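Peer 1: Before I ask anything, here is the structure I am working with.
Numbering (the working numbering), first residue to last: 12 to 407.
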């Protein structure tokens, strides 16, 4: 009887507990460390990110079943990595920032690029680096590789150092630095009649209900869900997109550089931005650019409506190292009549630049040597003609 009484009491107590409420989790605040040291991580001698105490690689799921919090923590670390790479560009590579737009006022949003000391004055060679789209900033190919693999594979540092050793000036573009993000004002004006949607009222209500339900389901997972700050973006003048940025840097820096031979390396969306530059400045690019190395480029000559002359020039001066299971530099079937495609020796998109490292510099060297031979032939031809005129004058 006593045992039965205990069971009745336990059952009664359990019936009073809200199991759904019990299963809810407390979502921690979105406050994270501001430095690598505070995160307790550091890069070791091999450029790998490791925990200071355990020596283990970075762990994304620091808190189980809190994906949004883990993602926010990862993004916070990513911002620290961005600043860390900027420091490497400045201290290790001796590069300097150039503000964009060049005539920016004090109260407008600005971006920047990085230049080597001789980027504008080097009379021989200039290397221009253009990254892909996303969260990466100047000096980075892929944040994921920097955090999970190493600095060599994820940053542009090895390319910059190799280029400087081989006598190039270097420009590092920053095509994803397109806006200033500011907190939205709490007071928002009511929409005017002209701003209201053209959708039928019933359809709009169903849509709102669906979105409201989705939000409700998310927030009901937590007892105290963290609400994110709403922000708005103010675009940087003439640099509001990757394509605008590349065009602006060409007009204000690359076209004014002293180098006779410009080499461009562009990854992923950077390839699309380069092709758009060709669409806008075709004759200038052909006169100044010697060779272009693309890695898993996102360009499309049909959608971007390139001219036949641009396609022919790309066939001769460009090469695209693409993700493929084939060995490095294996020639692949062309998909479009633009630049030759070869294997990057990896099936991972973000690794294509690093895996093609030596091949790209060999490709550039071959083109530079060819340009030198052509220049020498032209010079000899001019000298011969000049000597011929001189002898004829003496005969007379």
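The beta carbon of each residue, even a glycine, is placed where N, CA and C say it ideally should be. Keep in mind the model is a prediction, meaning the values are calculated, not measured.
Check for me: the beta strand (DSSP E) holding residue 244 runs from which residue to which?
Peer 2: That run of the beta strand (DSSP E) goes 242-246.
Peer 1: Please determine whether the Cβ atom of residue 331 lies at a distance below 7 Å from any heavy atom of the ligand SAH.
Peer 2: What this structure holds is no ligand at all, so the ligand SAH is not there to describe.
Peer 1: Quick one: is residue 116 buried, meaning 16 or more other Cβ sit within 10 Å of its Cβ, or exposed?
Peer 2: It is exposed - the Cβ of residue 116 has fewer than 16 other Cβ atoms within 10 Å.
Peer 1: For residue 287, collect the residues of the same chain with a Cβ closer than 6 Å to its Cβ; drop the 5 residues on either side in sequence, then sort them by chain order.
Peer 2: Correct list, in chain order: 254.
Peer 1: Tell me which residue opens and which closes the beta strand (DSSP E) that residue 62 is part of.
Peer 2: From DSSP, the beta strand (DSSP E) with residue 62 extends over 60-62.
Peer 1: Quick one, which of 239, 183, 331 and 191 has its alpha-carbon nearest residue 168's?
Peer 2: Out of 239, 183, 331 and 191, 183 has the C-alpha closest to the C-alpha of residue 168.
Peer 1: In three-state terms, what does DSSP make of residue 3?
Peer 2: Since the first residue shown for the chain is 12 and the last is 407, residue 3 is missing from the structure and cannot be characterised.
Peer 1: Could you give the first and the last residue of the continuous alpha helix (DSSP H) run that contains residue 347?
Peer 2: From DSSP, residue 347 is part of no alpha helix (DSSP H); its letter is neither H nor E.
Peer 1: Note down the Cα distance separating residue 300 from residue 272, rounded to an integer number of angstroms.
Peer 2: Cα to Cα, the separation comes out at about 6 Å.
Peer 1: Indicate the three-state DSSP secondary structure (helix, strand or coil) for residue 57 in the structure shown.
Peer 2: If DSSP states are grouped into helix, strand and coil, residue 57 belongs with coil.
Peer 1: Taking the CB atoms as reference points, tell me whether residue 123 and residue 187 lie closer together than 8 Å.
Peer 2: For residue 123 and residue 187, no; Cβs fall outside 8 Å.
Peer 1: So does the segment 289-306 actually touch the segment 365-376, counting three or more Cβ pairs closer than 8 Å?
Peer 2: The segment 289-306 is in contact with the segment 365-376.
Peer 1: Look at the Cβ atom of residue 351, then the Cβ atom of residue 330, and state whether they are nearer than 8 Å.
Peer 2: Yes, Cβ-Cβ distance for residue 351 and residue 330 is below 8 Å.
Peer 1: Spatial neighbours of residue 135 within its chain, please: CB distance less than 7 Å, with the 5 preceding and 5 following residues excluded, ordered by chain position.
Peer 2: Contacts found: 178, 270, 271 and 272.
Peer 1: Our contact map puts residue 367 next to residue 332 with C-beta atoms below 8 Å; I'd like the distance itself, whole angstroms only.
Peer 2: Contact holds; Cβ gap of about 4 Å.
Peer 1: According to DSSP, what are the bridge partners of residue 194?
Peer 2: Per DSSP, 242.
Peer 1: With distances taken from CA atoms, which of 132, 108 and 64 is nearest residue 126?
Peer 2: For the residues 132, 108 and 64, the minimum Cα distance to residue 126 belongs to 108.
Peer 1: Is the CB-CB distance between residue 156 and residue 358 below 8 Å?
Peer 2: Result no, Cβ atoms of residue 156 and residue 358 do not sit closer than 8 Å.
Peer 1: Give me the Cα-Cα distance between residue 281 and residue 151, rounded to the nearest whole angstrom.
Peer 2: Distance between the alpha carbons of residue 281 and residue 151 is about 12 Å.
Peer 1: For residue 278, which three-state DSSP category applies?
Peer 2: Note: residue 278 maps to strand in three-state DSSP.
Peer 1: Would you give the residue range spanned by the alpha helix (DSSP H) that residue 294 belongs to?
Peer 2: From DSSP, the alpha helix (DSSP H) with residue 294 extends over 293-299.
Peer 1: Does the Cβ of residue 129 have 16 or more other Cβ atoms within 10 Å, making it buried, or fewer, making it exposed?
Peer 2: Buried.
Peer 1: Which residues in the same chain have their Cβ closer than 6 Å to the Cβ of residue 158, if we skip the five residues on either side of it in sequence?
Peer 2: Closer than 6 Å at Cβ, skipping near neighbours: 60 and 69.
Peer 1: By how many angstroms is the C-alpha of residue 321 removed from the C-alpha of residue 327?
Peer 2: If I take the Cα positions, the gap works out to 10 Å.
Peer 1: Give the range of the alpha helix (DSSP H) segment to which residue 89 is assigned.
Peer 2: Its alpha helix (DSSP H) spans residues 78-98.
Peer 1: By how many angstroms is the C-alpha of residue 311 removed from the C-alpha of residue 292?
Peer 2: Taking the straight line joining both Cα atoms gives about 17 Å.
Peer 1: Consult DSSP for residue 204 and reduce its assignment to one of helix, strand or coil.
Peer 2: For residue 204, the pLDDT reaches just 42, beneath the cut-off of 50, and the residue's location in the model is therefore unreliable, leaving the point undetermined.
Peer 1: Which residues mark the beginning and the end of the beta strand (DSSP E) in which residue 123 is found?
Peer 2: Per DSSP, residue 123 belongs to the beta strand (DSSP E) from 122-126.
Peer 1: Quick check on the burial criterion: 16 or more other C-beta atoms within 10 angstroms. Buried or exposed for residue 53?
Peer 2: Burial call: exposed.
Peer 1: Between the Cα of residue 314 and the Cα atoms of 268, 133, 290 and 324, which residue gives the shortest distance?
Peer 2: Closest by alpha carbon: 290.
Peer 1: In whole angstroms, give me the CA-to-CA distance for residue 200 and residue 64.
Peer 2: Reliability of the predicted coordinates at residue 200 is poor, the pLDDT of 46 falling under 50, and the value obtained from them is presented with this limitation in mind. Rounded to whole angstroms, residue 200 to residue 64 spans 51 Å at the Cα level.
Peer 1: If we require 4 or more residues per run, which alpha helix (DSSP H) segments fall completely within the segment 313-389?
Peer 2: Listed in chain order, the complete alpha helix (DSSP H) runs (minimum 4 residues) inside the segment 313-389 are 319-328 and 363-366.
Peer 1: Residue 254 lies in the beta strand (DSSP E); which residues open and close that run?
Peer 2: Where residue 254 is concerned, there is no enclosing beta strand (DSSP E), although the alpha helix (DSSP H) it sits in stretches over 253-263.
Peer 1: Please list, in chain order, all residues of the same chain as residue 356 whose beta carbon is under 7 Å from its beta carbon, the five residues on each side excluded.
Peer 2: These residues qualify, in order along the chain: 338, 339 and 366.
Peer 1: Spatial neighbours of residue 346 within its chain, please: C-beta separation below 8 Å, excluding the five flanking residues on both sides.
Peer 2: Closer than 8 Å at Cβ, skipping near neighbours: 352.
Peer 1: At what residues does the alpha helix (DSSP H) containing residue 156 begin and finish?
Peer 2: From DSSP, the alpha helix (DSSP H) with residue 156 extends over 154-159.
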